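In this note's numbering, the protein residues as written are 44 to 510. Worksheet: the structure to be examined is printed underneath.
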Amino acid sequence: MALKLFNTLTRSVENFSPLNPNENKVGMYCCGPTVYDYAHIGNWRTFVFADLVRRTLEFSGYDVQHVMNITDIEDKIIKRVRENKTTLREFTGKFETAFLDDLKALNCKEPHVKPRATEYIAEIISLIEKLISRGIAYKAADGSVYFSITKYQGCGCNYGQLLKLNFDEMRAGERVSSDEYEKESVADFALWKAHVPEDGDIFWPSPFGEGRPGWHIECSAMSMKVLGESFDLHLGGEDLKFPHHEDEIAQSEGATGKPFVKHWLHGAHLLVEGKKMSKSMGNYFTLRDLLEKGHTGREVRYLLLTSHYRETFNFTLDGLAGAKTALARIDECVGKLREIAGNATAAPESKLQEQFSAALADDLNISAAWGEIFKWVTETNKRLAENSLSSQVAAANLAAWEKIDSVLGIGVKMETEVPAEISALADERTAAKKAKDFKRSDAIRDELKAKGWVIEDTPKGIKLKKI
RNA sequence: GGCGGGGUAGCCAAGUGGUAAGGCAGGGCUCUGCAAAAGCCUCAUCGUCGGUUCGAUUCCGACUCUCGCCUCCA
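Here it is as structure tokens:
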């Protein structure tokens with residue numbers, strides 16, 4: 044089934060097809076983290092979304108080249124490096140490592156290429172030179188280099204491809220910082236920021252003088268370097284549409300004269316407990332915060348993957364608790380299938396896979412996909428209860444689950460090894476039960492629960508589950 | 001002020017011009033000595049008011065509430 048995706052450029056759902064129809068390759072660039080702090084749950088929604096896009100493309104048979112930048116030079120970074128009396132590399136390295144650890148905890152596939160802005164200074168400079176030579180960029184009196192929207196538009200280029208811009212009605216200037224008065228026009232943005240004393244030793248030499256790259260230019264330079272001047276997919280959070288992505292388009296198309304990106308995807312933000320996330324509201328969570336509360340990356344991933352990427356999602360701690368129960372339901376079902384399937388192998392059960400694929404192909408309607416999955420769980424449970432599943436059928440269902448899980452990345456909780464102390468208690472309970480000492484057996488059950496283990500009596504004997 | 005999303009059961013969340021998927025919570029039931037984060041069943045008329053239509057939650061308009069972007073925020 045053809046994959047359909049919303050394209051911010053056309054504001055409509057389109058059939059997805061790669062730039063080069065003769066190849067199966069897809070170049071995908073995702074705006075990565077600015078490594079000045081731990082990423083919060085809102086950031087993670089976007090990265091999990093990017094992971095879903097990648098996995099869906101791979102599921103659809105494409106060979107994806109996934110690129111995600113690491114922004115390791117930026118105003119906030121410089122400020123904190125100074126405050127912490129450390130070096131740029133040491134500071135950004137710490138948060139980059141933390142970011143990649145978190146990415147792994149959420150079972151996101153690691154991007155194939157993770158370019159750091161500071162390692163692409165040469166490419167950035169040459170891109171700026173190209174823009175200057177084409178008359179689209181200019182050096183201002185403050186020593187910085189700016190991109191001229193007017194000149195760009197004068198070349199017949201379109202500024203405002205991702206959203207409707209109405210400069211007359213914009214509240215320009217309200218949030219413009221005072222050091223940007225050297226620009227010819229308020230809409231112009233910095234390509235190269237001249238070195239100022241506060242930057243300390245953080246600067247690079249360039250034909251335009253010592254300084255550092257502006258924010259938008261790194262993405263243009265790195266994405267085009269790795270994926271080519273035109274590539275298939277670019278994604279990020281919805282807030283990046285303007286100015287970041289619009290400026291990326293302007294810089295890239297202004298320099299090359301070619302269409303920059305074929306397909307733009309933007310993920311919506313989330314609220315936490317119905318409110319905009321903020322530290323003062325107490326609803327600001329990093330992944331670490333949630334792990335410390337005893338939740339798992341798997342649960343967080345599941346919850347972030349329950350809603351459609353273009354809708355604002357309300358992330359709640361109740362929801363996170365519910366995620367655990369919902370996953371346990373899937374684990375239980377898949378675990379039983381494994382037992383019955385044994386060593387049998389079979390082609391994936393087609394109905395589940397078809398319904399899942401159809402939902403996903405419809406602009407990543409993952410909510411509908413979960414609906415199909417849980418209907419399958421109920422259906423399977425009924426057959427399990429009837430004892431009417433052959434090992435062949437169980438294996439086919441299992442194969443289907445594994446196939447769709449290559450997209451979900453949820454996996455199945457591994458059976459935790461039962462510690463000797465716990466199994467000793469369980470044995471004691473079984474003995475007490477056999478002796479009809481139910482008071483004693485129930486007391487042990489409570490004790491096990493207090494230790495984080497649930498014991499279930501099944502026709503085949505007891506079952507211990509870690510909670 | 002400009003532009004763009006949303007308002008569907010206690011909570012989260014799909015969806016359709018013909019009377020609403022799924023998950024969590026709740027309720028009922030089954031297995032059980034009793035249980036279970038074991039299983040099954042059950043649980044809404046879709047922000048308000050108009051309009052179009054044989055028929056609207058789904059299309060149009062108004063209103064209202066809410067969220068986002070408007071220069072460095074995913």
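For each residue, glycine too, the CB sits at the ideal point set by N, CA and C. Model, not experiment: these values are computed from the prediction.
- [ ] Using 10 angstroms around the beta-carbon of residue 54, count the other beta-carbons present and answer buried if the total reaches 16, otherwise exposed.
- [x] As a position in the first sequence, residue 54 is number 11, starting the count at 1. Per the 10 Å Cβ criterion, exposed.
TODO: Go ahead and pull the three-state DSSP assignment for residue 233.
DONE: For the purposes of this step, residue 233 is taken as residue 190 along the first sequence, with counting starting at 1. Three-state DSSP puts residue 233 in a strand.
- [ ] Pull up the distance between the alpha-carbon of residue 116 and that of residue 344, whole angstroms please.
- [x] Counting from one through the first sequence, the residue named residue 116 turns up at place 73. Counting from one through the first sequence, the residue named residue 344 turns up at place 301. Approximately 29 Å between the Cα atoms of the pair.
TODO: Would you mind working out which of 282, 407, 242 and 305 sits nearest residue 273, comparing C-alpha positions?
DONE: Taking the first sequence and counting its residues from 1, the one referred to as residue 273 is at position 230. With distances taken between Cα atoms, residue 273 lies closest to 305.
Task: Same chain, Cβ closer than 7 Å to residue 237, neighbours up to 5 away in sequence not counted - done: Mapped onto the first sequence, residue 237 falls at position 194. Excluding residues within five positions, the ones whose Cβ falls inside 7 Å are 185, 186, 187, 252 and 254.
Task: Closest residue to residue 303 among 45, 351, 70 and 59 (Cα-Cα distance) - done: The residue labelled residue 303 in the question sits at position 260 within the first sequence. With distances taken between Cα atoms, residue 303 lies closest to 70.
Task: Separation of residue 392 from residue 63, as counted between CA atoms - done: The residue you call residue 63 lines up with position 20 of the first sequence. The residue you call residue 392 lines up with position 349 of the first sequence. Going by the C-alpha atoms only, they are around 33 Å apart.
Task: Burial state of residue 242, where buried means 16 or more other Cβ atoms lie within 10 Å - done: Within the first sequence, the letter at position 199 stands for residue 242. Per the 10 Å Cβ criterion, buried.
Task: residue 398 beta carbon less than 9 Å from that of residue 446 - done: Residue mapping note: residue 446 aligns to position 403 of the first sequence, counting from 1. Residue mapping note: residue 398 aligns to position 355 of the first sequence, counting from 1. Taking 9 Å as the Cβ cut-off, residue 446 and residue 398 do not qualify as a contacting pair.
TODO: Let me know the secondary structure DSSP gives residue 480 once reduced to three states.
DONE: What you label residue 480 is simply residue 437 of the first sequence in a count that begins at 1. Of the three classes helix, strand and coil, the one that applies to residue 480 here is coil, per DSSP.
- [ ] Tell me whether residue 65 is buried or exposed, calling it buried when 16 or more other Cβ atoms sit within 10 Å of its Cβ.
- [x] Sequence index remark: in the first sequence, residue 65 carries index 22 (1-based). Flag for residue 65 reads exposed.
- [ ] Would you tell me roughly how many angstroms separate the C-alpha atoms of residue 106 and residue 164, rounded to the nearest one?
- [x] To locate residue 106, count along the first sequence from 1; it is residue 63. To locate residue 164, count along the first sequence from 1; it is residue 121. Going from the Cα of residue 106 to the Cα of residue 164 covers about 29 Å.
TODO: Could you please give me the residues that DSSP links to residue 58 through a beta bridge?
DONE: Translated into positions along the first sequence, residue 58 becomes position 15. Note: residue 58 sits in a beta bridge opposite 47.
Task: Residue of 144, 482, 232 and 79 minimising C-alpha distance to residue 10 - done: Since the displayed the chain opens at 44 and closes at 510, residue 10 lies outside it and no answer follows.
Open item on the list: Output needed for residue 123: all residues of its chain with C-beta closer than 6 Å, excluding positions within five of it in sequence on either side, in chain order.
Closed with: Position 80 of the first sequence holds residue 123. Result list for residue 123: 79, in chain order.
- [ ] Just tell me which of 72, 226 and 95 has its CA closest to the CA of residue 350.
- [x] Against the first sequence, residue 350 aligns to sequence position 307. Comparing Cα-Cα distances from residue 350 to each of 72, 226 and 95, the minimum goes to 95.
Open item on the list: Quick check: the region 438-445 against the region 372-390, are at least 3 beta-carbon pairs closer than 8 Å?
Closed with: yes
- [ ] Would you tell me roughly how many angstroms separate the C-alpha atoms of residue 488 and residue 495, rounded to the nearest one?
- [x] By one-based count along the first sequence, residue 488 stands at place 445. By one-based count along the first sequence, residue 495 stands at place 452. Going by the C-alpha atoms only, they are around 11 Å apart.
- [ ] Compare the C-alpha of residue 108 against each of 207, 269 and 149 and name the closest.
- [x] As a first step, residue 108 is located in the first sequence; it is residue number 65 there, counting from the start. The residue with the shortest Cα to Cα distance from residue 108 is 269.
Open item on the list: Assuming residue 262 is part of the alpha helix (DSSP H), what are its boundary residues?
Closed with: Position 219 of the first sequence holds residue 262. Note, residue 262: alpha helix (DSSP H), 258-270.
Task: Buried or exposed (CB count within 10 angstroms, at least 16 for buried), residue 221 - done: For the purposes of this step, residue 221 is identified with residue 178 of the first sequence, where counting begins at 1. Its pLDDT being 40, under 50, residue 221 is placed unreliably by the model, and the measurement read from it follows with that caveat. That one is exposed.
Open item on the list: For the pair the region 167-179 and the region 283-299, tell me if three or more CB-CB distances fall below 8 Å.
Closed with: yes
Open item on the list: Do residue 82 and residue 145 count as a contact pair if the criterion is CB distance below 9 Å?
Closed with: Residue mapping note: residue 145 aligns to position 102 of the first sequence, counting from 1. Residue mapping note: residue 82 aligns to position 39 of the first sequence, counting from 1. The answer is yes: Cβ separation under 9 Å.
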